[in-house]
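Line by line, the protein sequences give chains A and B.
Throughout, this note's numbering is defined as the position within the first sequence, counted from one, plus 852.
Throughout, this note's numbering is defined as the position within the second sequence, counted from one, plus 43.
Before any comments, here is the structure.
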Amino acid sequence: MRLITVAGPPSSGKTSVIIKAAEALQGEGVKVGVIKFDCLSTGDQALYERKGIEAKTGLSGNLCPDHFFVSNIQECLQWGEQRGFDLLISESAGLCNRCAPHIKDVCAVCVIDNLSGVDTPRKIGPMLKMADIVVVTKGDIVSQAEREVFAYRVQQVNPGAVIINVNGLTGQGGYELGRLLSAAKETVSLTGRLLRFTMPAALCSYCLGQRRIGSDYQMGNVRKMDFT
Amino acid sequence: MTTDHDTVPYSAMPSGDLLRNYPYAEDFFTSLGLMLPSADESVGAYIERIPPEVLEDLGIERRELGEQFSAFMTLLISLQEKQNGPTIGSITIQGGVDKNGADEGFVLTVTPGEVVSIVGPTGSGKSRFLADIEWMAQGDTPTRRRVLINGAVPDPTRRFSLEHKLVAQLSQNMNFVMDLSVEEFIAMHAESRMVNDVAGVTRTIIEKANELAGENFSPQTPVTALSGGQSRALMIADTSCLSTSPIVLIDEIENAGIDRKKAVRTLVDGHKIVLMATHDPILALMGDRRLVFKNGGVRAIIATSPAERANMAAFEEMDARLTAVRNALRNGERIEYV
């Protein structure tokens, strides 16, 4: 089975893009399944199922969604194997615009949209910088010049990535993305595999449930701003 | 591009020389929020001494940063070469099959400076046709069409390369989301295209756009304040001068205060292949040929006949009369005598 991790800021069009690519692949007889990672609630499972794509939802609740993702992805892979998928796509939002962790040797996709502004590619961390494929959406809404500047800015921070434009509404580019995904490497097991980069350092007193503000209550990994 | 530096890897060159020869290399550091290396230090040495905390914050490993720098330089050089390099001589599309699997049986070769109109009802396969060209299909899309460049199968890596994009698209609903003046906006685009004379190109584009638009705008006008016609005029001028894509796809240029014929001519003069989806007889007949779509396939390719061309004069006269009526209406006159 091929595993694909798809990440991207909220509302960038991840679900629509996955649906368009999956539909194109299903048309060619490829069996596609989706794991949707979210925090609070999601209606995307129903959205996928309506399109005949088998899906499973994981809600992280008050845990960091990316930690939740890593803690569960091995089991997700097993689920996919059991269901007999050819391709399993995991979808997660990079809520802090930093990690949405990609795994070494597992095809990594980042979805960002033209409307987020040309400076956005510089503000996104490893989620964008370490992706193999960057899908740019909402290109139909902005001018040709803006599309070109945006793609260039993405290429600046991730010069090695394949950049592909996909329209989540009309599906333009979805077929082509599907071709790219179906050429990904097979993943047999994830145990012992490495993430492409560490997630943000954690474990300060607030991670452990502290609610009070002030230096007296801050312990562990705390970094202070420089006001000098 | 042949310089003495070809033999020295970019990461080993003193940064002063590197930035002098490739000023845009600076973007690599600024886009990551890094300080520039000092003039006598090589980028390789600079990367070696970045503290681990900084790399941690950037979310990148040392080795990968070095690899990204090499990839960035490769991109930069290819963008510059594309800017100065040879242009595409022809694009050939070999027909595939329509929705029922029936053979299209056509071969279409288009060269820069040519205008091809595209006609057919919604859902007849026009978008897929354009997607096939954009993707440089090689019999591997649902239509089984093939696209050749200069008569040969293109290098597969071209499909995903930024600087080799085949199609620039001027769509119907075009908005600007950037909060910039016209001048800043075009300059930003020129910079991302590695143009040498940014100010000069920017001036030319604004002048051209003003020739196309009915009402003039200044370089200081915010792009968000442009009217529909002005935006289109600006994008047509911009695409003609700055886009490296040899094909320009236009979705119906409506009557929004823009000289349509002049607009198409601007692109043709910029040595573009113009593909135009339109139902406007004047624009459709401006094409040398028109592709007729039906049921997901190209049903016919009609070369514009001399008789059709001659009819254009009549259509233009009708159009001029309608325009006169429209202006009269706008000026508050009565429309009793036609």
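The beta carbon of each residue, even a glycine, is placed where N, CA and C say it ideally should be.
Fair warning: this is a prediction, and the values are worked out from it, not measured in the lab.
Legend entry - Chain-order list of residues whose beta-carbon lies under 8 Å from that of Ile993(A) (same chain, five-residue window excluded): Start at 1 with the first residue of the first sequence, and residue 993(A) comes out as number 141. For Ile993(A), where only same-chain residues beyond five positions count, the Cβ hits under 8 Å are Asn966 and Leu967.
Inset, instruction - Note down, in chain order, each residue of its chain lying with its Cβ closer than 6 Å to the Cβ of Arg236(B), except the 5 sequence neighbours on either side. - result: Start at 1 with the first residue of the second sequence, and residue 236(B) comes out as number 193. Only Leu285 meet the Cβ criterion.
Legend entry - 8 Å Cβ shell around Asn259(B) - same chain, five flanking residues per side excluded: Mapped onto the second sequence, residue 259(B) falls at position 216. The residues are Asn253.
Inset, instruction - Using a Cβ cut-off of 8 Å (strictly closer), state whether Gln212(B) contacts chain A. - result: In the second sequence, the residue the question calls residue 212(B) occupies position 169. Closer than 8 Å to some Cβ of chain A, the Cβ of Gln212(B) qualifies, so yes.
Legend entry - Proximal chain B residues relative to Ala1003(A), where beta-carbon distance stays under 8 Å: Within the first sequence, numbered from 1, the residue matching residue 1003(A) stands at position 151. Within chain B, the residues near Ala1003(A) are Leu205.
Inset, instruction - Following the continuous alpha helix (DSSP H) through Gln926(A), name the residue where it begins and the one where it ends. - result: As a working mapping, residue 926(A) is identified with position 74 in the first sequence. Per DSSP, Gln926(A) belongs to the alpha helix (DSSP H) from Pro917 to Arg935.
Inset, instruction - Work out the CA separation of Arg187(B) and Gly139(B) for me, nearest whole Å. - result: The residue given as residue 139(B) occupies position 96 in the second sequence. The residue given as residue 187(B) occupies position 144 in the second sequence. Spanning the two alpha carbons is a distance of roughly 5 Å.
Legend entry - Contacts that Gly1012(A) makes with chain B (C-beta to C-beta distance below 8 Å): On the first sequence, position 160 is the one that residue 1012(A) refers to. The contacting residues are Glu110, Gln111 and Ala114.
Legend entry - Buried versus exposed, by CB contacts within 10 Å (16 or more), Gln934(A): Walking along the first sequence from the start, residue 934(A) turns up at place 82. It is exposed - the Cβ of Gln934(A) has fewer than 16 other Cβ atoms within 10 Å.
Legend entry - Under 8 Å between C-beta atoms of Cys951(A) and Ile887(A): Here residue 951(A) refers to the residue found at position 99 when the first sequence is read from its first residue. Here residue 887(A) refers to the residue found at position 35 when the first sequence is read from its first residue. Result no, Cβ atoms of Cys951(A) and Ile887(A) do not sit closer than 8 Å.
Inset, instruction - Quick one: give me the first and last residue of the alpha helix (DSSP H) that Gln1007(A) is part of. - result: One-based indexing of the first sequence puts residue 1007(A) at position 155. Element bounds for Gln1007(A): Gln996 to Val1009.
Inset, instruction - Anything in chain A within Cβ reach of Ile103(B), meaning under 8 Å, just list it in chain order. - result: By one-based count along the second sequence, residue 103(B) stands at place 60. The contacting residues are Pro978, Lys981, Met982 and Phe1049.
Legend entry - Rounded distance between the beta-carbons of Leu940(A) and Gly885(A), thought under 8 Å: Looking up residue 885(A) in the first sequence gives position 33. Looking up residue 940(A) in the first sequence gives position 88. Gly885(A) to Leu940(A), Cβ: 5 Å. Contact.
Legend entry - For Val1040(A) and Asp47(B), the rounded distance between their alpha carbons: Stepping through the second sequence from its first residue, residue 47(B) is reached at position 4. Stepping through the first sequence from its first residue, residue 1040(A) is reached at position 188. With a pLDDT of only 47 at Asp47(B), under 50, the local geometry of the prediction cannot be trusted, and the value read off the model is given with reservation. Going from the Cα of Asp47(B) to the Cα of Val1040(A) covers about 48 Å.
Inset, instruction - Look at the alpha carbon of Gln803(A) and the alpha carbon of Gly109(B), and state the distance between them as a whole number of angstroms. - result: In the structure as shown, chain A begins at 853 and stops at 1080. Residue 803(A) is therefore absent and cannot be evaluated.
Legend entry - Opening and closing residue of the beta strand (DSSP E) in which Val961(A) lies: The residue labelled residue 961(A) in the question sits at position 109 within the first sequence. Start and end: Cys959 to Asp965.
Inset, instruction - Check the DSSP bridge columns for Asn1017(A) and list the partner residues they point to. - result: By 1-based counting over the first sequence, the position of residue 1017(A) is 165. For Asn1017(A), which the question treats as bridged, DSSP gives the partners Val988(A).
Legend entry - Cross-strand partners of Ser160(B) (DSSP beta bridge): In the second sequence, the residue the question calls residue 160(B) occupies position 117. Beta-bridge pairing links Ser160(B) to Met319(B) and Arg333(B).
Legend entry - Per-residue contacts from His232(B) into chain A (C-beta, under 7 Å): Here residue 232(B) is taken as the residue at index 189 of the second sequence, counted from 1. Neighbours of His232(B) on chain A, chain order: Ala997, Glu1000 and Val1001.
Legend entry - Nearest-angstrom Cα separation, counted from Lys903(A) out to Val882(A): For the purposes of this step, residue 882(A) is identified with residue 30 of the first sequence, where counting begins at 1. For the purposes of this step, residue 903(A) is identified with residue 51 of the first sequence, where counting begins at 1. Cα to Cα, the separation comes out at about 14 Å.
Legend entry - Reduced DSSP secondary structure (H/G/I, E/B, other) of Arg189(B): The residue you call residue 189(B) lines up with position 146 of the second sequence. Looking at Arg189(B) - three-state DSSP - the assignment turns out to be strand.
Inset, instruction - Using a cut-off of 9 Å between C-beta atoms, extract the partners of Met329(B) located in chain A. - result: Against the second sequence, residue 329(B) aligns to sequence position 286. Per Cβ cutoff of 9 Å: no residues; Met329(B) is ~21 Å from chain A at best.
Legend entry - Cβ-based burial, Thr45(B) [other Cβ within 10 Å; buried from 16]: Taking the first residue of the second sequence as position 1, residue 45(B) is located at position 2. Confidence at Thr45(B) is low in this model, with a pLDDT of 45, below 50, so its placement is unreliable and no value can be given for it.
Legend entry - Within chain B, the residues that Thr1022(A) reaches when beta carbons sit closer than 8 Å: Along the first sequence, one-based indexing puts residue 1022(A) at 170. The contacting residues are Ser170.
Inset, instruction - Tell me, please, whether the CB atom of Met78(B) is closer than 8 Å to any CB atom in chain A? - result: One-based indexing of the second sequence puts residue 78(B) at position 35. Output row for Met78(B): interface = no.
Legend entry - For Lys956(A), the first and last residue of its enclosing alpha helix (DSSP H): By one-based count along the first sequence, residue 956(A) stands at place 104. No alpha helix (DSSP H) contains Lys956(A), which DSSP labels as neither H nor E.
Legend entry - Touch test, the region 178-185 of chain B against the region 1022-1038 of chain A, Cβ-Cβ under 8 Å, three pairs minimum: yes
Inset, instruction - Measure the C-alpha to C-alpha separation of Lys251(B) and Asp331(B) and round it to an integer number of angstroms. - result: Within the second sequence, the letter at position 208 stands for residue 251(B). Within the second sequence, the letter at position 288 stands for residue 331(B). Answer to the nearest angstrom: the Cα atoms are 24 Å apart.
Legend entry - Three-state secondary structure assigned by DSSP to Asn239(B): On the second sequence, residue 239(B) is found 196 positions in, with the first residue counted as 1. Coil, per DSSP.
Legend entry - Bridge partners - Pro265(B), DSSP secondary structure assignment: The residue given as residue 265(B) occupies position 222 in the second sequence. BP columns for Pro265(B) point to Ser224(B).
Inset, instruction - Quick one: grab the DSSP three-state call for Pro57(B). - result: Translated into positions along the second sequence, residue 57(B) becomes position 14. Three-state result, Pro57(B): strand.
Legend entry - Cys1056(A) - DSSP class collapsed to helix/strand/coil: Locating residue 1056(A) in the first sequence gives position 204, where the first residue counts as 1. Of the three classes helix, strand and coil, the one that applies to Cys1056(A) here is strand, per DSSP.
Legend entry - For Glu360(B), the three-state DSSP class (helix, strand or coil): What you label residue 360(B) is simply residue 317 of the second sequence in a count that begins at 1. DSSP places Glu360(B) in helix when its eight states are reduced to three.
Inset, instruction - Output yes or no for whether 8 Å exceeds the beta carbon distance between Asp890(A) and Ala945(A). - result: What you label residue 890(A) is simply residue 38 of the first sequence in a count that begins at 1. What you label residue 945(A) is simply residue 93 of the first sequence in a count that begins at 1. For Asp890(A) and Ala945(A), yes; Cβs fall inside 8 Å.
Legend entry - Presumed contact (8 Å Cβ cut-off) between Arg1064(A) and Pro978(A), rounded CB distance: Sequence index remark: in the first sequence, residue 1064(A) carries index 212 (1-based). Sequence index remark: in the first sequence, residue 978(A) carries index 126 (1-based). Actually they do not touch by this definition, with Cβ atoms about 32 Å apart.
Inset, instruction - Measure the Cβ-Cβ separation of Thr1050(A) and Ile955(A) and say whether it is below 8 Å. - result: Against the first sequence, residue 1050(A) aligns to sequence position 198. Against the first sequence, residue 955(A) aligns to sequence position 103. The answer is no: Cβ separation not under 8 Å.
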